[in-house]
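Here is the structure we will look at, set down as structure tokens.
Numbering (our numbering), first residue to last: 3 to 927.
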């Protein structure tokens with residue numbers, strides 16, 4: 003079915019046969035009739051010169067000269083407006099006596115028909131109406147008053163464009179009437195004869211009967227009253243002067259009708275309606291409406307009987323309407339105002355090749371953030387931090403303020419860009435991105451509110467929390483999402499919003515260091531989501547809960563919730579959550595639990611979801627980092643390296659250079675470079691991570707401990723044991739101060755410290771450190787966790803050095819059993835206990851057992867291992883083989899020396915030991 007751009011009310015077939023479909027009008031080939039009006043017919047036509055389909059408005063032959071003048075006036079009015087939300091003309095002309103206006107042909111629907119397909123969904127309807135309002139405000143700024151604003155004159159195109167049509171009874175009132183209450187006006191009393199005649203010849207009405215249609219027809223009384231009665235302002239009903247505020251009134255009536263499904267005024271006939279409008283008697287809203295009270299209040303002001311009591315301009319009205327979205331913080335990612343709607347044809351005009359105009363009605367970005375993050379909030383945060391009397395409170399406040407300022411500025415810049423773009427065009431991508439920006443604003447507000455309740459536990463984590471707010475740039479990717487998810491039932495919308503707000507608070511609580519509080523919020527959100535039964539928000543709650551449980555070390559619960567979220571998200575077509583949950587599940591299963599192959603399977607699910615979702619560089623970087631971490635855990639260091647590098651490149655491109663995710667990528671890169679023996683590059687990467695973290699968070703932060711720990715590991719491998727010990731001790735002091743001495747996060751540093759103390763010959767201290775690490779891990783992770791094996795190996799090495807061989811054998815065998823079960827029989831980690839056990843068996847007088855263990859260790863280390871580790875095993879095997887195979891023994895030792903060339907160990911203790919052994923064991927003659 004075709005939906006014309008003019009109101010109905012005139013029967014087809016009034017044009018002469020010469021203008022029937024198939025006829026030519028100048029360069030235009032007439033195709034079909036798509037709309038009729040009181041003055042003429044609208045035909046679809048083909049412009050053969052420009053090779054495009056257009057619409058032609060043709061004047062009826064029986065219309066008077068004043069009607070022809072009026073039609074020209076319409077074209078002239080439209081020609082003054084170069085705004086994408088106002089229909090414009092390509093050409094006005096006359097061919098063989100036939101007046102026509104050429105316009106672009108656009109497929110779509112009128113607002114009333116489109117809104118009828120979205121009953122009760124005010125969040126979908128309001129943004130569409132706002133875009134039309136911007137066009138109306140532009141007309142006012144150009145000195146034009148529409149005088150017949152109504153839903154059937156607002157077009158929603160199939161491509162998402164929203165515009166105001168049918169300026170056929172518009173009139174000039176002087177420039178800038180949008181901002182002036184007392185601008186020039188036109189009334190019946192001061193109109194010239196042609197104006198009066200023109201006004202009388204209202205486009206959609208030839209004869210008015212007592213059974214006038216209040217909604218769908220124009221009305222003329224005594225040559226002065228113009229408009230559609232159901233939308234006319236009191237001054238129009240009285241035949242008084244009209245200005246931009248009369249359009250404002252009509253716009254509010256139109257918006258009221260599409261939001262509430264009915265007129266704001268009582269009246270079954272014209273007289274009853276007129277009395278209600280003039281007396282300002284507005285009906286109460288229908289019961290059960292979901293339209294917020296704040297929005298209704300804005301409309302009521304626009305519906306004031308006295309024009310002076312209405313909003314001072316259309317722009318002011320639009321600002322207030324838009325602000326209701328922000329005040330309630332209710333942004334729902336849903337299907338766009340258009341798209342996937344099987345729309346029929348609409349006739350309208352479009353601005354060709356024009357630059358996007360600034361959006362009329364965009365609320366200033368700083369106003370959108372007022373009370374969320376502004377100067378007053380910053381001062382309140384400073385006072386709250388200082389009240390804790392922590393010695394670093396002022397420094398932390400300054401760093402946190404800087405981070406929040408940068409985040410707010412990024413939000414403001416993007417909001418203004420999107421708002422301006424929405425004034426120029428509409429699309430699903432823009433609608434989704436604006437909704438995403440609303441969620442970023444909610445998250446910022448939730449974090450600031452939490453930080454304002456500052457306590458000694460919150461303040462140390464404040465800067466990190468601010469830095470780890472979801473980047474505003476991630477909203478660009480949201481715009482790529484297909485509108486595939488089902489929308490919530492109108493009765494569910496409010497609860498969906500409340501659940502999403504709870505999830506934002508859960509995330510903010512975690513970032514501020516209140517992980518238990520965050521989990522509590524997430525658990526309650528999940529319960530409410532399950533009770534509601536709306537799939538998309540239910541999987542969002544499952545994902546958030548599972549993620550927080552993983553961070554709390556509750557891995558079994560996390561695995562269950564993340565797995566369910568990932569799989570159910572596919573069912574409800576929530577591809578973003580499907581990708582996020584599968585990636586987090588891969589991290590839990592493949593990295594934290596070291597079930598590597600299972601983790602890689604989950605990453606395949608994540609990759610498939612990301613492909614459906616479309617480009618999202620930050621989410622892809624997270625997926626790559628997780629894959630690299632799993633590959634690193636498998637000892638597949640060469641495969642992990644390009645994944646870490648790609649993740650770093652994506653984060654550097656999308657985020658600022660000082661963002662913590664960039665630092666994390668550098669730290670990850672340093673870790674795998676260490677495993678590959680590229681120590682100088684590793685130290686450089688880790689040093690960059692450390693500098694970013696120190697600059698962002700200050701020197702007393704957990705991530706600084708992470709960087710110190712990583713650098714210590716590299717320094718140990720290059721033989722700088724005292725430097726390594728200093729880094730480990732500094733990291734340990736930080737972690738104990740932050741997490742407490744009994745937290746599992748302390749264990750890795752204890753183990754590293756134990757390792758380097760062993761190399762320094764400080765065996766009792768080494769044993770105490772590794773024993774404490776083992777106890778923490780067994781208590782938190784369970785005795786069969788792969789991390790426990792690391793502590794056992796360190797204890798075994800100390801016992802070997804101290805000559806407690808039975809104890810060393812016990813610890814190493816237990817470590818081998820755990821790692822073989824979790825990681826497989828060929829994992830690089832196994833090289834450590836196997837080499838140590840080989841040396842021990844040789845000392846115990848069992849060379850056969852020693853050779854078997856060392857051959858296996860060498861095979862593993864030749865496949866994946868660092869040069870000095872392989873050399874260590876080669877020396878041990880050479881020592882055992884010398885009595886039975888001296889030639890191979892010397893060959894192994896010589897190969898070990900060659901392997902150390904060009905490494906930091908070339909002049910180290912191991913190299914000296916091998917050279918000494920070779921000198922003591924010359925080639926047999």
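We treat Cβ as the ideally placed atom computed from N, Cα and C, and that holds for glycine. Nothing here was measured: the structure is a model prediction, and the numbers come from that model.
Once the 5 residues before and after residue 458 are set aside, which same chain residues still bring their CB inside 8 Å of it?
390 and 392
Taking all protein chains shown into account, decide if residue 532 is buried (16 or more other Cβ within 10 angstroms of its Cβ) or exposed.
exposed
Give the secondary structure of residue 89 by DSSP, where H, G and I count as helix, E and B as strand, and everything else as coil.
coil
Whose CA, out of 319, 270, 277 and 326, lies closest to the CA of residue 297?
326
Quick one: Cα of residue 917 to Cα of residue 580, how far?
57 Å
Please report the Cβ distance between residue 622 and residue 652, rounded to the nearest whole angstrom; I am assuming they are in contact, meaning their Cβ atoms lie under 8 Å.
6 Å
Is DSSP giving residue 158 helix, strand or coil here?
strand
Own chain, CB closer than 8 Å to residue 640, minus 5 neighbours either side, in chain order
678
Ignore the nearest five residues each way along the sequence and tell me which others in residue 766's own chain have a CB closer than 6 Å to its CB.
none
Using the beta-carbon count (16 or more within 10 Å), is residue 111 buried or exposed?
buried
In the DSSP assignment, the alpha helix (DSSP H) including residue 614 goes from what residue to what residue?
598–615
Taking residue 470 as the reference, which of 607, 446 and 454 has the closest Cα?
446
Identified DSSP bridge partners for residue 676:
According to DSSP, residue 676 bridges with nothing at all.
Using only alpha-carbon positions, find the residue among 468, 877, 309 and 86 that is nearest to residue 236.
309
Measure the CB-CB distance between residue 593 and residue 631 and report whether it falls below 8 Å.
yes
So for residue 59, helix, strand or coil by DSSP?
strand
Length of the line joining the Cα atoms of residue 938 and residue 306:
Past the boundaries of the shown model lies residue 938; the chain is included only from 3 to 927, so the question cannot be answered.
Who are the near neighbours of residue 821 in its chain, counting only those whose CB is closer than 7 Å to its CB and skipping five residues on each side?
788, 791, 829, 831 and 832
Give the DSSP bridge partners of residue 45, in chain order.
35 and 58
What does a CB cutoff of less than 7 Å around residue 284 pick up in its chain, not counting 5 residues either side in sequence?
266, 267, 302 and 305
Which residue's Cα is closest to the Cα of residue 500: 489, 477 and 527?
527
Go ahead and label residue 865 buried or exposed: buried means 16 or more other beta carbons lie within 10 angstroms of its beta carbon, across all protein chains shown.
exposed
When DSSP builds the beta bridges, which residues end up paired with residue 284?
267
Assuming the contact rule is C-beta atoms closer than 8 Å, residue 21 and residue 33 should be a hit. Round their C-beta distance to whole Å, please.
About 12 Å; that fails the 8 Å criterion.
Answer with buried or exposed for residue 925, where buried requires no fewer than 16 other C-beta atoms within 10 angstroms of its C-beta.
exposed
For residue 563, which option in 794, 540 and 835 has the closest C-alpha, if you only look at C-alpha atoms?
540
Helix, strand or coil: which one does DSSP assign to residue 371?
coil
Three-state class that DSSP yields for residue 924 in the structure shown:
coil
Residue from 468, 93, 443 and 395 whose Cα sits closest to the Cα of residue 414
443
DSSP on residue 805, reduced to helix/strand/coil?
coil
Since residue 293 is in the alpha helix (DSSP H), which residue starts that stretch and which ends it?
Neither: residue 293 is in no alpha helix (DSSP H) and is coded neither H nor E.
Does DSSP put residue 575 in a helix, in a strand, or in coil?
coil
Looking at the secondary structure, which residues open and close the beta strand (DSSP E) in which residue 164 lies?
164–166
Thinking C-beta only, is residue 74 closer than 8 Å to residue 50?
no
Cβ-Cβ separation, residue 895 to residue 880 (assumed contact under 8 Å), whole Å:
4 Å
Taking the alpha-carbon positions, what's the residue 257 to residue 107 distance?
25 Å
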